[in-house]
Amino acid sequence: MENCSFSQDLKNFLSNYSYEEKIVKNSKFKFILSGKEGNPEIVFFNGLNMQEAWIKYVEALEKDYRLLLFQYPLEPKTNNELLDLIMEFFKVLNIKKSLIIGASDGGMLAQLYVRRFPDNLSGLVLMTTVTLDSSYVEDMNKEKIPSSLIQFILKFVPYSMLKKKLIGTAGSYIKEETESERNYGKDFLMTIASDKYYKKKFIHIFGIVDDMRKQNNFKPEEFKKISGKILLLHPEEDLFTVEDQNKLTDLMPDPEVHKMKGGHLAFIICADEYIKTIKNFFKKINY
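For the sequence shown, the numbering used here assigns the number 42 to the initial residue and increments by one for each residue that follows.
1. Return the Cβ separation of Ile83 and Ser145 in integer angstroms, given the expectation that the two are a contact with Cβ distance under 8 Å.
2. Look at the alpha carbon of Lys328 and the alpha carbon of Leu165, and state the distance between them as a whole number of angstroms.
3. Taking 7 Å as the cut-off, decide whether the C-beta atoms of Pro117 and Leu110 are in contact.
4. Indicate whether Leu25 and His299 have their beta-carbon atoms separated by less than 7 Å.
5. Give the secondary structure of Val171 by DSSP, where H, G and I count as helix, E and B as strand, and everything else as coil.
6. In the DSSP assignment, find the unbroken beta strand (DSSP E) run with Gln112 in it and report its ends.
7. Taking the C-alpha atoms as reference points, what is the distance between Asp160 and Lys137?
8. Determine the DSSP secondary structure at Lys27, reduced to helix, strand or coil.
9. So, at 7 Å on beta carbons, what are the nonlocal neighbours of Met42 in its own chain, with the 5 sequence-adjacent residues on each side left out?
10. Specify whether the segment 287 to 294 and the segment 72 to 83 touch according to this definition: at least 3 beta carbon pairs, one from each stretch, less than 8 Å apart.
11. Which residues bound the beta strand (DSSP E) around Leu272?
12. Excluding the 5 residues flanking His245 on each side, which residues of the same chain have their C-beta closer than 6 Å to its C-beta?
13. Per the contact definition of three or more C-beta pairs closer than 8 Å, is the segment 89 to 104 in contact with the segment 307 to 317?
14. Using a Cβ-Cβ cut-off of 7 Å, state whether Leu126 counts as contacting chain D.
15. So for Ile142, helix, strand or coil by DSSP?
16. May I have a chain-ordered list of the alpha helix (DSSP H) segments no shorter than 4 residues that lie completely inside the segment 251 to 300?
17. Would you report the Cα separation of Phe47 and Leu195, rounded to the nearest angstrom?
18. Compute the beta-carbon to beta-carbon distance between Gln112 and Lys63, rounded to the nearest angstrom, for a pair I have assumed lies under 8 Å.
19. Does the distance from the C-beta atom of Asp252 to that of Thr119 stay below 7 Å?
20. Per DSSP, what are the beta-bridge partners of Phe85 in this structure?
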């Protein structure tokens, strides 16, 4: 990897791209919309509301696509409320039938988007994620403390403690990468955590992720309209189990599936490899 600092990559990115803000139904969307209007549309769904994860994808794809990177608003309390608000946001931006790229819990949100708006997308790319009947989601049901109580408690936890916890997850998120790649992944988490506003984002997304366990499991026919236009990228050392990855693969009609090196953050750390695979997939489906 040529670059060893995510913070520097983000600084370089923000010197060329500027965030905009729009209020939609009393909720604020912070976003970057790039590429030429009229080009095929791509929207990124974030894991843990870390939209910064997609900066290299925007840089690599904007020549041929219209791209939307955005931060989830904090007002919606459920996935359906969030998705309905996102759809209203899309209407404001004249985004009609995009291809969705989602990672981690953003990948699960993308699946719920397909369920809720099956006629409003052109394809689906899911990476380092699972589906609703996974053991990961089932484990949420074993949690004895209500998520609302945990969210309330987190509001009073010093951010320094949450920041330390977030950065401490690097060991489970980063696997099998080189030392320079591991350092890049750790710097990504440190950069995200350096923004004190992320505490509010984290508490909010904690509730959104918990709401996923309340959703009905998917059926293959819900994805029928995008059959043959689905790409799944499973990291070999993900924090999700192989069994859960296979459940996602089995759910999707006629997906293209690739095993990718690395762990949960590999799509950020080794973005070039992921982008190459995605571009090849786009050529196959003529997107």
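Cβ coordinates follow ideal geometry from the N, Cα and C atoms, glycine included.
Judging by the given coordinates:
1. For the purposes of this step, residue 83 is taken as residue 42 along the sequence shown, with counting starting at 1. For the purposes of this step, residue 145 is taken as residue 104 along the sequence shown, with counting starting at 1. Not really, about 18 Å apart at Cβ, beyond 8 Å.
2. What you label residue 328 is simply residue 287 of the sequence shown in a count that begins at 1. What you label residue 165 is simply residue 124 of the sequence shown in a count that begins at 1. Here residue 328 is Tyr; the residue named in the question, Lys, does not match the sequence. Those two C-alpha atoms are separated by around 11 Å.
3. Within the sequence shown, residue 117 is the residue found at index 76, counting from 1. Within the sequence shown, residue 110 is the residue found at index 69, counting from 1. Not a contact, by the Cβ cut-off of 7 Å.
4. A query on residue 25 cannot be resolved here, the shown segment of the chain reaching from 42 to 328 and no further.
5. Walking along the sequence shown from the start, residue 171 turns up at place 130. If DSSP states are grouped into helix, strand and coil, Val171 belongs with coil.
6. Counting from one through the sequence shown, the residue named residue 112 turns up at place 71. Unbroken beta strand (DSSP E) run through Gln112: Arg107 to Gln112.
7. Against the sequence shown, residue 160 aligns to sequence position 119. Against the sequence shown, residue 137 aligns to sequence position 96. Their Cα atoms are separated by approximately 9 Å.
8. Residue 27 lies beyond the range of the chain shown here (42 to 328); nothing can be said about it.
9. Locating residue 42 in the sequence shown gives position 1, counting from the first residue. Confidence at Met42 is low in this model, with a pLDDT of 48, below 50, so the placement of that residue is unreliable and no value is reported for it.
10. no
11. Counting from one through the sequence shown, the residue named residue 272 turns up at place 231. Ile271 to Pro276 is the span of the beta strand (DSSP E), which, as asked, contains Leu272.
12. If you number the sequence shown from 1, residue 245 lands on position 204. Closer than 6 Å at Cβ, skipping near neighbours: Leu115.
13. yes
14. Going by chain labels, chain D is absent from the structure shown, which holds only one protein chain.
15. Looking up residue 142 in the sequence shown gives position 101. In this structure, Ile142 counts as strand in the three-state DSSP scheme.
16. Given a length threshold of 4 residues, each whole run of the alpha helix (DSSP H) inside the segment 251 to 300 is given here in chain order: 283 to 292.
17. As a first step, residue 47 must be located in the sequence shown, where it is residue number 6. As a first step, residue 195 must be located in the sequence shown, where it is residue number 154. Going by the C-alpha atoms only, they are around 27 Å apart.
18. Start at 1 with the first residue of the sequence shown, and residue 112 comes out as number 71. Start at 1 with the first residue of the sequence shown, and residue 63 comes out as number 22. In fact, because the Cβ distance is near 11 Å, the residues do not count as touching under 8 Å.
19. Position 211 of the sequence shown, counted from the start, is the residue given in the question as residue 252. Position 78 of the sequence shown, counted from the start, is the residue given in the question as residue 119. Cβ distance < 7 Å, so Asp252 and Thr119 count as in contact.
20. Against the sequence shown, residue 85 aligns to sequence position 44. Partner(s): Ile142.
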